[in-house]
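Quick note on our numbering: the sequence shown kicks off at 1 and runs consecutively.
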Amino acid sequence: MLSSGRLAAEVLAELDERRQNDPDVHGHRLFGLVYPTGRKDIEALIGEVYERFLFSNALNPRRFTELAKIEQEVISTAADLVHRAPGDKPAGTMTSGGTESILMSMLTNRERARSRGIEHPQVLAPESAHPAYAKAAHYFGMDYASIPLDDDYRADVGAARSLVNERTCVIVASAYSYPHGIVDPVVDLAGLAAGHGAGCHVDACIGGFVLPFLEMLGRPVPPWDFRVDGVTEISMDLHKYGYVPKGASVILHRDDDWFSHQVFFYDQWGSGLYGTPAIAGARTAAPIVAAWAVGQYLGVEGYLEIVADLCATTDRVRQGIEAIDGLQIVGDPIGPLLALKSDQVDLYSVADVMDDRGWYLNRNTKPYGLHFMLSPIHGQVVGQFLDDLAYAVAHHGPSKGKQARYS
Ligand SMILES: Cc1ncc(COP(=O)(O)O)c(C=O)c1O
1 MLSSGRLAAE VLAELDERRQ NDPDVHGHRL FGLVYPTGRK DIEALIGEVY ERFLFSNALN
61 PRRFTELAKI EQEVISTAAD LVHRAPGDKP AGTMTSGGTE SILMSMLTNR ERARSRGIEH
121 PQVLAPESAH PAYAKAAHYF GMDYASIPLD DDYRADVGAA RSLVNERTCV IVASAYSYPH
181 GIVDPVVDLA GLAAGHGAGC HVDACIGGFV LPFLEMLGRP VPPWDFRVDG VTEISMDLHK
241 YGYVPKGASV ILHRDDDWFS HQVFFYDQWG SGLYGTPAIA GARTAAPIVA AWAVGQYLGV
301 EGYLEIVADL CATTDRVRQG IEAIDGLQIV GDPIGPLLAL KSDQVDLYSV ADVMDDRGWY
361 LNRNTKPYGL HFMLSPIHGQ VVGQFLDDLA YAVAHHGPSK GKQARYS
């Protein structure tokens, strides 16, 4: 209920108190959901940007023309990183996040299929694909089929071959997947898709601002971007490993003309022609401009430095985990995301002890175990984290029955 009005200081004091009930987004204890760098310089820049663009609206590119240009520059930068050939028309659009990017791609793929006379298209996605693909199939009236994973937790190409059919409008590949941090066999899946006239969406929502820099650092990265024939769309989130606040993702199309499939126009309205490139109407400008500003500020060198540090942290965590009896890393993850399994200890019980010590680890169901995404800030607490994990493995009791829930 609205009060009769309060002092600003009082309002802020209450908010300061209430946010203590949630995890510290600048802290070391969360693994995923937020991606803290621990860099005050980056956060100060973002704060300045937000102050300047607090109320701007990216809905109307004809009114906010400069904002529209800034957005295009972010899209071009992302497109360069994933080796999209420059075109004449927009390569894609910015969206509010990975889910919206995926929704727009699935809509595009549905429309492409419809233009080929396919009435009831099917989305084919690995079991490890993000639920946003199932959500898109649900929203847009498409069938959804899951590709089982092979022993390395990658989409099983043989199984994909037996599932693909004349109604398949898109095959999904993750680069890399959320549950296991593994890159799917993009070359095989994209080839399979192209052979059936289908699209191939590569979900680089978490990997998009990691894999290009890993490659530049000389780490082995399997082919996954627009250099792979048959890849038609790529989604990449700036609000994850791009280190921008929530509300910033990019969906890119290989072909200049495909973007138009996701644009909605309505010309029967009393206030004139209405058009939007994605689901949102009014769009908050600050994350768009923050994406531009962080990119300008860090540049290639800045991102490389962060990714190199992140690799060093991940290597230390991996080695520490491998030294704890009973713990195994799931598959061979490529980036700063590790899933754990065990045939000796109940990892949900281990997670209970870690919960008690204030670490927010995620629980995985397939395989049964734990999951965490490392951010730059975790470099400061590797020793403490590994000590607590070793303690939890050695001293856990029976599981408290807490289930795996992402949201
Ligand atoms: C691989 C992958 N794709 C898509 C998404 C969805 O992104 P968002 O939560 O920004 O909608 C996520 C979120 O974690 C993800 O990990």
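Backbone N, C-alpha and C fix where the C-beta goes; we use that ideal spot for every residue, glycine too.
Pop quiz: residue i and residue j are said to be a contact at Cβ under 8 Å. What is the actual Cβ separation, rounded to whole angstroms?
i              : j                 : result
proline 333    : leucine 374       : Wrong, their Cβ atoms sit about 10 Å apart, outside the cutoff.
tyrosine 303   : phenylalanine 213 : 5 Å
isoleucine 171 : alanine 132       : In fact, because the Cβ distance is near 15 Å, the residues do not count as touching under 8 Å.
glycine 242    : alanine 291       : 6 Å
glycine 27     : glutamine 380     : With 8 Å as the limit, glycine 27 and glutamine 380 do not qualify as a contact, their Cβ atoms being about 10 Å apart.
leucine 124    : valine 164        : 6 Å
Excluding five sequence neighbours on each side, which residues of the same chain lie with their C-beta closer than 6 Å to the C-beta of residue i?
i                 : result
isoleucine 234    : Val82, Val202, Ala204 and Leu252
glycine 97        : Ser249
valine 183        : Ala175, Tyr176, Pro222, Trp224 and Ile334
phenylalanine 385 : none
threonine 276     : Phe264
aspartate 237     : Gly98, Cys205 and Ser249
lysine 400        : Asp352
threonine 314     : Pro336 and Leu374
valine 34         : Val25
tyrosine 297      : Leu45
What three-state label does DSSP hand residue i in the structure shown?
i                : result
histidine 395    : helix
glutamate 233    : strand
asparagine 109   : helix
glycine 47       : helix
glycine 117      : coil
phenylalanine 55 : coil
glutamine 122    : strand
leucine 389      : helix
cysteine 311     : helix
threonine 93     : strand
isoleucine 334   : coil
alanine 155      : strand
histidine 180    : coil
isoleucine 251   : strand
leucine 217      : coil
threonine 284    : strand
valine 345       : coil
glycine 32       : strand
leucine 238      : coil
Can you find the residues in the same chain that come closer than 7 Å, C-beta to C-beta, to residue i, ignoring five residues on each side of it along the sequence?
i              : result
leucine 149    : Pro126, Glu127, Ser128, Ala155 and Asp156
tyrosine 360   : Pro23, Arg29, Leu30 and Phe31
proline 367    : Val330 and Lys341
valine 307     : Val210, Phe213, Leu214 and Leu217
histidine 120  : Asp143 and Arg167
glutamate 71   : Ala58, Met94 and Ile288
asparagine 364 : Pro179, Ala339, Leu370, His371 and Ala404
proline 185    : Arg154, Ala155 and Val157
Bridge partners for residue i per DSSP, in chain order?
i                : result
isoleucine 329   : Leu340
cysteine 363     : Looking at the sequence provided, one finds arginine at residue 363 rather than cysteine. In the DSSP output, where bridge partners are listed per residue, arginine 363 has Leu370.
phenylalanine 64 : According to DSSP, phenylalanine 64 bridges with nothing at all.
serine 174       : Asp203
tyrosine 266     : Tyr274
aspartate 143    : Gln122
threonine 168    : Gln122
Apart from the five residues just before and just after residue i, which ones in its own chain have a Cβ nearer than 8 Å to its Cβ?
i           : result
glycine 191 : Asp229 and Gly230
**Message:** Counting beta carbon pairs with one atom in the segment 270-281 and one in the segment 42-56, are three or more of them shorter than 8 Å?
**Reply:** no
**Message:** Taking 8 Å as the cut-off, does the segment 392-404 touch the segment 345-354 (at least 3 CB pairs, one atom from each stretch)?
**Reply:** yes
**Prompt:** At a cut of 8 Å, does the segment 108-126 reach the segment 65-82 through at least three beta carbon pairs?
**Reply:** no
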